[in-house]
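So the protein lines, in turn, are chains U and A.
Using this note's numbering, the first residue of the first sequence is number -2, and each one after it goes up by one.
Using this note's numbering, the first residue of the second sequence is number -2, and each one after it goes up by one.
By construction, the Cβ of each residue, glycine as well, lies at the ideal position given by its N, Cα and C atoms.
All values reported here derive from a predicted model rather than from experimental measurement.
Notes follow the structure.
Protein chains: 2
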Amino acid sequence: MTGPRYPDLIAKLPSSVPFVGPEVQERQRGAPFLARLGANESVFGPSPFAVAAMQDAAGQCWQYADATNYDLIRAISEHMGVRPDNIIIGEGIDGLLGYLVRLLVAPGDPVVTSDGAYPTFNYHVVGFGGTLHKVPFHNDHEDIDALMAKAAEVEAKIVYLSNPDNPMGSWHSGAKIEKALDALPDGTLLLLDEAYIEFAPDGTAPTIDADDPRVIRMRTFSKAFGMAGARVGYGIGAPELIKSFDKVRNHFGMSRISQAGALAAYEDTAWLDEVIALVAEARDRIASIAKANGLSPLPSATNFVTVDCGQDGAFAKAVLTALIEQGVFVRMPFVSPGDRAIRISAGRPADLDIFETALPKALESARR
Amino acid sequence: MTGPRYPDLIAKLPSSVPFVGPEVQERQRGAPFLARLGANESVFGPSPFAVAAMQDAAGQCWQYADATNYDLIRAISEHMGVRPDNIIIGEGIDGLLGYLVRLLVAPGDPVVTSDGAYPTFNYHVVGFGGTLHKVPFHNDHEDIDALMAKAAEVEAKIVYLSNPDNPMGSWHSGAKIEKALDALPDGTLLLLDEAYIEFAPDGTAPTIDADDPRVIRMRTFSKAFGMAGARVGYGIGAPELIKSFDKVRNHFGMSRISQAGALAAYEDTAWLDEVIALVAEARDRIASIAKANGLSPLPSATNFVTVDCGQDGAFAKAVLTALIEQGVFVRMPFVSPGDRAIRISAGRPADLDIFETALPKALESARR
Chain U
-2 MTGPRYPDLI AKLPSSVPFV GPEVQERQRG APFLARLGAN ESVFGPSPFA VAAMQDAAGQ
58 CWQYADATNY DLIRAISEHM GVRPDNIIIG EGIDGLLGYL VRLLVAPGDP VVTSDGAYPT
118 FNYHVVGFGG TLHKVPFHND HEDIDALMAK AAEVEAKIVY LSNPDNPMGS WHSGAKIEKA
178 LDALPDGTLL LLDEAYIEFA PDGTAPTIDA DDPRVIRMRT FSKAFGMAGA RVGYGIGAPE
238 LIKSFDKVRN HFGMSRISQA GALAAYEDTA WLDEVIALVA EARDRIASIA KANGLSPLPS
298 ATNFVTVDCG QDGAFAKAVL TALIEQGVFV RMPFVSPGDR AIRISAGRPA DLDIFETALP
358 KALESARR
Chain A
-2 MTGPRYPDLI AKLPSSVPFV GPEVQERQRG APFLARLGAN ESVFGPSPFA VAAMQDAAGQ
58 CWQYADATNY DLIRAISEHM GVRPDNIIIG EGIDGLLGYL VRLLVAPGDP VVTSDGAYPT
118 FNYHVVGFGG TLHKVPFHND HEDIDALMAK AAEVEAKIVY LSNPDNPMGS WHSGAKIEKA
178 LDALPDGTLL LLDEAYIEFA PDGTAPTIDA DDPRVIRMRT FSKAFGMAGA RVGYGIGAPE
238 LIKSFDKVRN HFGMSRISQA GALAAYEDTA WLDEVIALVA EARDRIASIA KANGLSPLPS
298 ATNFVTVDCG QDGAFAKAVL TALIEQGVFV RMPFVSPGDR AIRISAGRPA DLDIFETALP
358 KALESARR
């Protein structure tokens, strides 16, 4: 009895996981986390109207979702002042990244990103046989000039830029990104990941014509809207590219419950404003806690704060491990020099109390 | 300003949709359907325990789902008597089909299915550049011997068999499928789609060792469990193949709410039994209505009945159109000779009352 035959590309791929989730870690440590501050989720939760809409929709989930995502696209279209054919909805930005890479990257095709930027994007590029070219962060920022130069040098199919960025929490002005478009090589798509844009200062989102064929921007309900587990993201771009997603996407792949929740969440701007304010308070508190322990918080335009532990990657890893042992789920940037830091997601006051208590012990443990 | 560059494979794909959903048709006709009997959804709905579990989970959807689907895999493992490493969970069978095709089918690779079988599988095969070889149905059944012979002839990577099948509703005994494994060529994977297996008579599911590397079987929460809009399917197969899904899947792609619902639904066997009984009653009623109108219902082991309209495809299409105009959402098999029939999903008595009233008028209209 012989098994199936895998194409070379697939046979050579690792069965890797971009991230190990907190539930896996909880089972390994045999106890639940006391504070869940590692995945940049919104512990403040979704809008109560979104929760109610999902509860109402639960009994109707015997029906497949509307494959065209009509209602949600209409709402986003009106709010953003773009046409419905500028919008694609997918199973989170992760799902959309997979589709986009499949649409553009054939085996061997070059793709440019920052070294240490979103691993799930890299996972998709590698998974479709693309060749990743990585540019270092510069002063804890994605280096736009270097990204564009590298994209020109290798004739990249896609150049990935997150703004604000993860995992450092830094950001560029929208004006800087608009200007960078002049340096974008012909035939390279700028993939602008704006997962954290709602938390950023005014002026962080560039003004880009939705019909500009050189850019796709992606946003999500996973962060400010507090619906990471519902899997709803969207992309804004030129109609030809947007329409192309219909060639490869899982048309009936959206949850009907998530569609209903996202629509209600999108309309509850008061809740969004409240979450943004709570996140700003939490960022300040995380920064204060870090400083009180002699550490250096980096400025953040996101719902997390990356804290420089002041030594090398091994030290930061030891701090991280000691936090996890105390029941505080946090993560750290994977790539040097970012790996001198740990990353703490915004939490409620009670979550941050736990972090505040655990951090000095973790530092003491790491210094030993 | 130039747009992105698409690989040849993608540039040549149609922006096609495997199915047009009922919501799209409702917007086109400017009125909601009175009876939703076209997509083999379970109008009886999910278990009340599943609804409650999803409602409870809605407020927690700020958390990403457990990427390992631990709890649901554990439950299926115990119920089916297979190991957790024999099970993969995905975003419906549709999602799993996409992953499986990507894992095995490189451009030009041969794949075998029945002409008129599940279009979404074909969509994925074409989407990854595979070459489809189609074998006709035989007496409204998938022709197992011909499928195996064609698989051997073309050295297929995958041979697709649904049992019971859609869209005809016919089925083979499990024993016949077990015997067919002897004719499965080396290096061909049998993809056994058991989406409708819960509705089928005892003995329809073959006994196949979950570790047999020649077979993957897929099941779903979309049909008997009434959760089509929640997107949960699962595959059972040998650990090497199951593990390979980790190379390509959207690890955090599951809805946390859907995970909770599926777990509760899976454990409510009383509701499952009730739905199966209600579906059997509905099948009988659809058959009676068909016969009362001079039509021939085909035997069904699914939650739908395919009704032979006794003339050609154009006539059946006219009947279908006239039903839709009266607010009855139904579909028909796309491929001759199946296209002499229309397909009606099991409904509640009130749904079937509407169908019963509409059918004679539709026939009258089609005969004019």
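Asked, Found
"Expected contact under 8 Å - CB spacing of U/Ala221 and U/Ala259 to nearest Å", "Going by Cβ atoms, the distance from U/Ala221 to U/Ala259 rounds to 12 Å, so no, they are not a contact pair."
"Neighbour-count burial assignment, A/Asn136, 16 or more Cβ in a 10 Å radius", "exposed"
"Interface residues of the stretch 222 to 255 of chain U facing chain A [CB-CB below 8 Å]", "Gly223, Met224, Ala225, Gly226, Ala227, Arg228, Ala235, Glu237, Leu238, Lys240, Ser241, Asp243, Lys244, Val245, Asn247, His248, Phe249, Gly250, Met251, Ser252, Arg253, Ile254, Ser255"
"Amino acids of chain U, ordered along the chain, whose beta-carbon sits closer than 8 Å to that of A/Trp59", "Glu38, Ser39, Val40, Phe41, Gly42, Pro43, Gly223, Met224, Ala225, Gly226"
"contact_flag[the stretch 25 to 45 of chain A, the stretch 21 to 40 of chain U] where n(CB pairs < 8 Å) is 3 or more", "no"
"7 Å Cβ shell around A/Ile90 - same chain, five flanking residues per side excluded", "Asp190, Ala192, Met215, Thr217, Gly230"
"Coarse secondary structure for U/Arg33, derived from DSSP in three states", "strand"
"Any chain U beta carbon closer than 8 Å to A/Met(-2)", "yes"
"Min CB distance U/Arg2 to chain A below 8 Å", "yes"
"Beta carbon proximity, A/Tyr193 to chain U, threshold 8 Å", "no"
"Helix, strand or coil at U/Arg340 according to DSSP, with G and I counted as helix", "strand"
"Buried versus exposed call for A/Glu322 [16 or more other C-beta atoms within 10 Å across all chains shown]", "exposed"
"Interface flag, U/Ala414 vs chain A, CB-CB below 8 Å", "Residue 414 of chain U falls outside the range modelled here, since chain U spans only -2 to 365, and no answer is possible."
"Cα-Cα separation between A/Ala235 and A/Tyr115, rounded to whole angstroms", "24 Å"
"Selected residue, minimal CA-CA separation from A/Arg340, among A/Trp268, A/Ile155, A/Leu356", "A/Leu356"
"Test: U/Asp209 CB closer than 8 Å to a CB of chain A", "yes"
"Cβ neighbours of A/His121 in the same chain (closer than 7 Å, five flanking residues each side left out)", "Leu94, Gly95, Val98"
"Neighbouring residues, chain A, relative to U/Val14 (Cβ below 9 Å)", "Ala64, Thr65, Asp243, His248"
"Amino acids of chain A, ordered along the chain, whose beta-carbon sits closer than 7 Å to that of U/Val48", "Ala55, Gly56"
"Partner residues on chain A for U/Val21, Cβ-Cβ distance less than 9 Å", "Asp63, Ala64, Thr65, Tyr67"
"Test: A/Gly89 CB closer than 8 Å to a CB of chain U", "yes"
"Chain U within 8 Å of A/Gln52, Cβ atoms only", "yes"
"Inter-residue Cα distance where the pair is U/Gln256 and U/Gly307", "44 Å"
"Residues that A/Thr217 bridges to, as DSSP identifies them", "A/Gly230"
"Beta-carbon separation (whole angstroms), U/Ser366 vs A/Ser12, contact threshold 8 Å", "What the structure shows of chain U is the stretch from -2 to 365, and residue 366 of chain U is not part of that stretch, so it cannot be assessed."
"Contact under 8 Å by Cβ, A/Asp209 with U/Met(-2)", "yes"
"With 16 other Cβ atoms within 10 Å as the buried cut-off, status of A/Val272", "buried"
"A/Leu100: contacting residues in chain U (beta-carbon distance under 9 Å)", "Pro1, Tyr3, Pro4, Ile7"
"Amino acids of chain A, ordered along the chain, whose beta-carbon sits closer than 9 Å to that of U/Leu186", "Gly0, Pro1, Arg2"
"Beta carbon proximity, A/Lys147 to chain U, threshold 8 Å", "no"
"Contact with chain B by U/Asp183, beta-carbon distance below 8 Å", "In summary, chain B is missing from the structure at hand, where the protein chains are U and A."
"Proximal chain U residues relative to A/Gly324, where beta-carbon distance stays under 7 Å", "None at all; the shortest Cβ gap to chain U is about 16 Å."
"Cβ of U/Ala347 within 8 Å of any chain A Cβ", "no"
"Identity of the residues DSSP links to A/Lys131 by a beta bridge", "A/Thr110"
"Contact under 8 Å by Cβ, A/Gly113 with A/Pro182", "no"
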